[in-house]
Every structure is written in C-alpha cells, then in structure tokens.
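Structure, as structure tokens:
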Amino acid sequence: MLSKIVRGIITLLFGAAGIYVDYLILKVVDIRQLSQTLGFEIHLYWTYIIIFIVLSAFGFFLAPVCMKVFIGLVKWLESRLTRMPIHDLVGGSLGGIVGLLIARLICITFVGIPFLGPILSVVVSLLLGYVGLIIGITRKDDILGFFNFLPKLKGERAEKEKNKDKGHGKQSAAAGYKVLDTSVIIDGRIADIVKTSFIDGVLLVPGFVLEELRHIADSSDALKRNRGRRGLDILNQISKESVIKVEIYEGDFEDIAEVDSKLVKLANILDAPILTNDYNLNKVAELQGIKVLNINELANAVKPVVLPGEEMYIQIMKEGKEAGQGVAYLDDGTMVVVDGGRRYIGQQTTVLVTTVLQTAAGRMIFAKPKGMQEKSSEEFSHEFNAFG
Numbered sequence: 059m060l061s062k063i064v065r066g067i068i069t070l071l072f073g074a075a076g077i078y079v080d081y082l083i084l085k086v087v088d089i090r091q092l093s094q095t096l097g098f099e100i101h102l103y104w105t106y107i108i109i110f111i112v113l114s115a116f117g118f119f120l121a122p123v124c125m126k127v128f129i130g131l132v133k134w135l136e137s138r139l140t141r142m143p144i145h146d147l148v149g150g151s152l153g154g155i156v157g158l159l160i161a162r163l164i165c166i167t168f169v170g171i172p173f174l175g176p177i178l179s180v181v182v183s184l185l186l187g188y189v190g191l192i193i194g195i196t197r198k199d200d201i202l203g204f205f206n207f208l209p210k211l212k213g214e215r216a217e218k219e220k221n222k223d224k225g226h227g228k229q230s231a232a233a234g235y236k237v238l239d240t241s242v243i244i245d246g247r248i249a250d251i252v253k254t255s256f257i258d259g260v261l262l263v264p265g266f267v268l269e270e271l272r273h274i275a276d277s278s279d280a281l282k283r284n285r286g287r288r289g290l291d292i293l294n295q296i297s298k299e300s301v302i303k304v305e306i307y308e309g310d311f312e313d314i315a316e317v318d319s320k321l322v323k324l325a326n327i328l329d330a331p332i333l334t335n336d337y338n339l340n341k342v343a344e345l346q347g348i349k350v351l352n353i354n355e356l357a358n359a360v361k362p363v364v365l366p367g368e369e370m371y372i373q374i375m376k377e378g379k380e381a382g383q384g385v386a387y388l389d390d391g392t393m394v395v396v397d398g399g400r401r402y403i404g405q406q407t408t409v410l411v412t413t414v415l416q417t418a419a420g421r422m423i424f425a426k427p428k429g430m431q432e433k434s435s436e437e438f439s440h441e442f443n444a445f446g
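Note that the sequence shown ends on residue 446 in our numbering; no numbers are left out.
Structure below.
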C-alpha cells in the first residue's frame, strides 16, 4: 500500500514538473505566433494538459527505479553518517549550512535570467553546499573552536588546551589515546608491556585494524592464519586486564585505501601516538610529525649493556657464515658470533666479548672462546720474551 502511495506521489511530481517546464517554455515562445506558423490555433490550457499527462505517465513507469535509487542513497548516507566521528559530522553540517547561505545570496542575481535562472540556482547551491561540507570537515577544529560554550563540540586540540590552562595537563596526558597498529598486536609483546604498567592512558584499536586482523585470521595460508588468530587472542587478553583501558574506534576513512594511511590520519586527528613495530609506518608517521612508540626500539633500549672484554657464558647453537665461526643467542634474542666457536657447537662455554655492533636490525656481539683468547695471550707473551 505504501509503495502505491509513493508511486502516486512521484507521478504527480513528474506531472507538476511538466507544468512548470511548459510555463517556462511559454515565457520564451509566443504561442500566437506559433499558432500562425503551424496554421492551427493552439490553446494554452491544452499545452498544460498534454504535457501533464505525458510526464505523469513517464513518472508512473519510472517510479520503481526512482524509489530503488532513493532507498539505496538513504542506506549509503546512513552507513556513512553512522561511522563518521561526531566532530566531522558537526563541522561538516555547519560548513554545509554556511555554503548554502552564501549560495542563496548569489542565486538572487539569477532571478532575472529566463529559463536558465532556476537551473543555475540549483547548480550553484549544490556546488557551494558541497564545498562548505568539505571545508567544514577538514577545518572542524577551527570551526568548533568558536563554540567554547559547548565543551562536547570542541575539537580534541581545543579540549587539550583547556585542560592545560586549568592545570590538568598531566591528567589529560594520562587519559590520552595510544593507537594500536596491526603489527604490534600480532607481535604480542604489547601484552607483557601492558602488565608492567609502563603504558598509561587508553589503548585505541581502530575498527579497520580489527577488520585487517579478521582477514588475516581467515587467510588460506596457515602461517598468516595463525598470526591473525594470535593477534585476536592478544587483544582479548589485554581487554580482560584491569591494568589499562581498551577502546574500539568505530570510525573509518572511506577515501583512504591503505590501513597504514588510515592509522596516520586517525593519529593526526586525535593528536595521539601510534604503537607499532613497523619500520615503514614509523618513518611515514615521523615525517608527518606524529609521535611513534616503537616496540622494537623499546626492546633494544632495555637490553643489558655488554662491553668489550666482558665474559659471557653461552651455548653455541650453530655454525656461522665464516669458516670456524659459531653462533649463539642471548635470552633477549641478541646474536653472538663466536670466532673459532665451531668446535663448541652444542656446548656451554665461556667467551670474551671483542666487539659490539649496533645496527638498524638490532645488536650484534662478536666474541672469542676464553681458552683461545688466553692461549693467544700466552703465545704472544712467550714470543715477546723470546724476542727480548
């Protein structure tokens, strides 16, 4: 029943549009001169009746398509608006209203233009309304900064400045967001760091990161599938801990395809750091002035300091690349290359550190077996005494 009523309304709207088009045409065309040219009299009311019937019939058959397009447009707008952050929604609305007001002032000059005046008014209104909407979204912090009497409508930066002025800068920083990257969730070490209470504030997990984790967990590749499921387990573990609060950010950026770019955009909007161990994301975020908390850099920073000449008791695990070398690993994963350690593979032995190298990938330690080092020293002393 409702569809029939809507179909009737669309039919009448098409008929009314036909009458208006006929009215505009008759303002330009002289009907008397046209009647003389055609050789028969044209009655004014017949033109209205004919065009009303023609366009009404056209609207009647086109109504189902119009309803389908309209319903699809409403659903699309609903999906976009529900996922849009409140600051973007309010800023875009204010910008759109200002754009339409400016368009209204400009459209007054089109009133005297026959036929094209209404068309130009519609085009200018749509154009300036859209421009105002985009400017309102991109400059929402500046626009909402004028509404100081509405604290909930302020931008994130304005709210932080207000907290600082009140002397609550420390509390504001403590309640700040830390945006989690997919790589740091899969890595898993974030759960252990959270338990130590070294990270405060709120861990923010974007919805698009959860979606990427879900895709990885559903992958046909076994390794990727296990990594994705591990990431989901880590998130569940962190969310159950009472040490730190975990929130889900439901918003998305439809105009951005890559997850890393979305993370940078979100961190820029919230003025929040990104927790990651992705080298490329680290560099991109730093170029845009966004603070990055890199788990790998933290791990390297807390490794115990080893100096040349110190003794270490290690187990040599495998053969090195060079002839005679052996390779061992410390508890934190640091690789120790032992010159002449091939003969000790599978054994626990004491070595003396000769060199420590810090690389972009981490730290490498070069050493020699203690017995070999002492033997070399004794041989050097014996040769020196013999020479003397």
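No residue lacks a Cβ here, since even glycine has one placed at the ideal position from N, Cα and C.
Residue pairing from DSSP places T413 in a beta bridge opposite F424.
The three-state reading of DSSP puts N352 in strand, counting E and B together. Runs of the beta strand (DSSP E) lying entirely within the stretch 325-385, each at least 3 residues long, are 332-334, 350-352 and 369-377 in chain order. In the structure shown, E305 adopts extended strand secondary structure according to DSSP, grouped into three states. Around the beta carbon of N338, fewer than 16 other beta carbons lie within 10 angstroms, which makes this residue exposed.
By the CB criterion at 9 Å, G309 and L324 fall inside the cutoff. Residue pairing from DSSP places K236 in a beta bridge opposite L261. Taking every protein chain shown into account, the CB of N326 has fewer than 16 other CB atoms within 10 angstroms, so this residue is exposed. In the structure shown, T408 falls within a strand segment according to DSSP collapsed to helix, strand and coil. Ranked by how close their Cα comes to the Cα of I332, the residues N352, L345 and D313 have N352 in first place.
A check of alpha carbon separations from Y307 across Q295, K320 and I314 identifies K320 as the nearest. Ranked by Cα distance from V148, the first of K198, L356 and K349 is K198. Excluding five sequence positions before and after K376, the CB atoms of its chain that fall closer than 8 Å to its own CB belong to G384, V385 and I403, given in chain order.
For the pair T69 and L261, the Cα-to-Cα distance works out to about 54 Å. Closest option to V182, judged by alpha-carbon separation, among L174, G170, A161 and T196: A161. Between G391 and A425, the C-beta spacing is not below 9 Å. Beta-carbon to beta-carbon, L410 and E380 are separated by about 18 Å, too far to satisfy the 8 Å threshold.
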